[in-house]
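Remarks on the structure that follows.
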Amino acid sequence: MNKSVAIIGVPSDYGQRRRGVDMGPSAIRYAGVVERLEALGYAVKDEGDIRVEKAPIKKDQNEKLLNLDEVVEVCSKLAQKVEDAVNENHIPLVLGGDHSIAIGTLAGLEKYKNLGVIWFDAHADINTPESTPSGNIHGMPLAVSLGLGHERLTSIHHAGPKVKAENIIIIGARSVDEGERELIKEKNIKVYTMHEVDRLGMTAVMEDAIRYLQERGVDGVHLSLDLDGLDPLYTPGVGTPVAGGITYRESHLAMEMLQEASILTSVEFVEVNPILDEKNKTANVAVALIGSLFGETLV
Ligand SMILES: NC(=[NH2+])NCCC[C@H](N)C(=O)O
Ligand SMILES: [Mn+2]
Ligand SMILES: [Mn+2]
Numbered sequence: 061m062n063k064s065v066a067i068i069g070v071p072s073d074y075g076q077r078r079r080g081v082d083m084g085p086s087a088i089r090y091a092g093v094v095e096r097l098e099a100l101g102y103a104v105k106d107e108g109d110i111r112v113e114k115a116p117i118k119k120d121q122n123e124k125l126l127n128l129d130e131v132v133e134v135c136s137k138l139a140q141k142v143e144d145a146v147n148e149n150h151i152p153l154v155l156g157g158d159h160s161i162a163i164g165t166l167a168g169l170e171k172y173k174n175l176g177v178i179w180f181d182a183h184a185d186i187n188t189p190e191s192t193p194s195g196n197i198h199g200m201p202l203a204v205s206l207g208l209g210h211e212r213l214t215s216i217h218h219a220g221p222k223v224k225a226e227n228i229i230i231i232g233a234r235s236v237d238e239g240e241r242e243l244i245k246e247k248n249i250k251v252y253t254m255h256e257v258d259r260l261g262m263t264a265v266m267e268d269a270i271r272y273l274q275e276r277g278v279d280g281v282h283l284s285l286d287l288d289g290l291d292p293l294y295t296p297g298v299g300t301p302v303a304g305g306i307t308y309r310e311s312h313l314a315m316e317m318l319q320e321a322s323i324l325t326s327v328e329f330v331e332v333n334p335i336l337d338e339k340n341k342t343a344n345v346a347v348a349l350i351g352s353l354f355g356e357t358l359v
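Under my numbering, the first residue of the sequence shown is numbered 61, with each subsequent residue one higher.
And the structure:
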């Protein structure tokens with residue numbers, strides 16, 4: 061792994077309805093992310109947070125695309141920041157914020173023409189305005205990145221799809237909406253639900269996932285890690301917890317195996333909501349996972 065990391069905080073909560081997830085970047089910094097990476101020998105450039113206007117939620121909203129203007133603005137700024145970090149040869153480490161920000165991150169990774177994406181999440185986040193049960197854009201970033209959804213979202217930073225369906229792997233899914241299932245089938249997207257995690261074990265899942273991406277000949281891999289992928293026992297500070305998730309140790313193992321495979325070129329950790337958390341537990345887990353991902357070992 062490249063030894064230079066650029067941290068980009070994205071204090072946005074516009075992709076869903078529970079306030080507080082905009083404080084995620086602060087919570088993760090408070091939990092010591094910079095120190096942790098420096099201790100591993102990385103040069104860390106903390107770019108600070110991108111500027112997010114704190115607008116009051118409007119009343120006359122499109123119920124299928126809540127806060128569309130704000131999400132477009134945040135993601136456009138973020139895409140530019142991510143692109144700059146890549147051009148300066150840093151590994152972008154994006155800290156959310158809710159998961160809608162992945163729309164911006166993926167748009168900023170256009171240098172990778174055959175990008176692989178590992179989506180670690182309880183959800184598939186592949187809804188469209190037609191299929192969404194909530195209108196929350198944090199449930200849509202994978203669809204948007206495939207070029208599906210509102211044109212203002214799919215055209216952020218540059219027009220057209222940002223990733224290929226066959227380069228996406230979802231791990232940890234256990235809450236998938238009807239329209240999402242159909243799209244996953246239609247596009248033949250690789251998903252390791254909790255069923256596969258239970259059945260095969262995390263070791264086999266990660267070996268498979270890594271091999272799959274290598275066989276696809278990817279020129280970069282982005283890890284988008286939603287803290288609700290873990291069981292809420294370990295990460296209670298998330299807005300949409302779902303029981304029956306990945307354990308603390310399984311998630312560390314996954315990070316360690318990604319480090320060993322040395323395939324990642326960008327990383328994002330999202331959905332840490334300190335208001336819903338217990339004494340910053342969730343941000344602490346995020347930083348511990350970042351430690352493993354970037355090369356910490358137990359001995
Ligand atoms: N990034 C997340 N936590 N997404 C949760 C999405 C939940 C649900 N599928 C929805 O579309 O509203
Ligand atoms: Mn989720
Ligand atoms: Mn998510």
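Even for Gly, the Cβ is constructed at its ideal location relative to N, Cα and C.
Going by DSSP, which residues form a beta bridge with residue i?
i      : result
ILE228 : VAL177
TYR294 : The partner list for TYR294 (beta bridge, DSSP) is empty, contrary to what the question assumes.
SER326 : HIS282
ASP106 : ILE67
LEU155 : GLY69 and PHE329
HIS312 : Answer is none; HIS312 lacks a bridge partner.
HIS373 : Nothing about residue 373 can be reported from this structure: the residues present for the chain run from 61 to 359 only.
ILE306 : LEU290
Quick check: what's the CA-CA separation for residue i versus residue j?
i      : j      : result
LYS173 : LYS137 : 21 Å
ARG96  : ALA321 : 21 Å
GLU211 : ALA203 : 12 Å
ARG234 : GLU310 : 16 Å
ILE228 : SER72  : 25 Å
LEU126 : GLY195 : 6 Å
GLY351 : GLU246 : 37 Å
GLY176 : GLU98  : 27 Å
GLY207 : GLU133 : 18 Å
ALA103 : ALA115 : 35 Å
ASN122 : LYS63  : 43 Å
ALA184 : ALA145 : 27 Å
ILE216 : ILE163 : 8 Å
GLY239 : GLY80  : 28 Å
LEU313 : PRO152 : 22 Å
LEU155 : ARG111 : 13 Å
VAL257 : ILE178 : 15 Å
ILE323 : ASP120 : 44 Å
GLY277 : LYS224 : 12 Å
Assuming the contact rule is C-beta atoms closer than 8 Å, residue i and residue j should be a hit. Round their C-beta distance to whole Å, please.
i      : j      : result
ASP268 : GLY297 : ASP268 to GLY297, Cβ: 30 Å. No contact.
GLY157 : VAL70  : 4 Å
GLY280 : GLN319 : Contact doesn't hold; Cβ gap of about 16 Å is too wide.
ALA348 : VAL332 : ALA348 to VAL332, Cβ: 13 Å. No contact.
GLY232 : GLY289 : 4 Å
For ligand 3, I want to know if residue i counts as a neighbour, meaning its beta carbon is within less than 7 Å of at least one of the ligand's heavy atoms.
i      : result
HIS282 : no
HIS183 : yes
ASP82  : no
HIS159 : yes
HIS198 : yes
Check whether the Cβ of residue i lies closer than 7 Å to any heavy atom of ligand 1, and answer yes or no.
i      : result
GLU331 : yes
THR300 : yes
ASP291 : no
ASN187 : yes
Regarding residue i and ligand 2, is the C-beta to nearest heavy atom distance less than 7 Å?
i      : result
ALA346 : no
ASP337 : no
ASP286 : yes
THR295 : no
At a Cβ threshold of 8 Å, is residue i touching chain E?
i      : result
LEU293 : You won't find chain E in this structure, because it holds only one protein chain.
Exercise. Could you give the uninterrupted runs of the alpha helix (DSSP H) lying entirely in the region 231-259, keeping only those of 4 residues or more?
Worked result: 238-247
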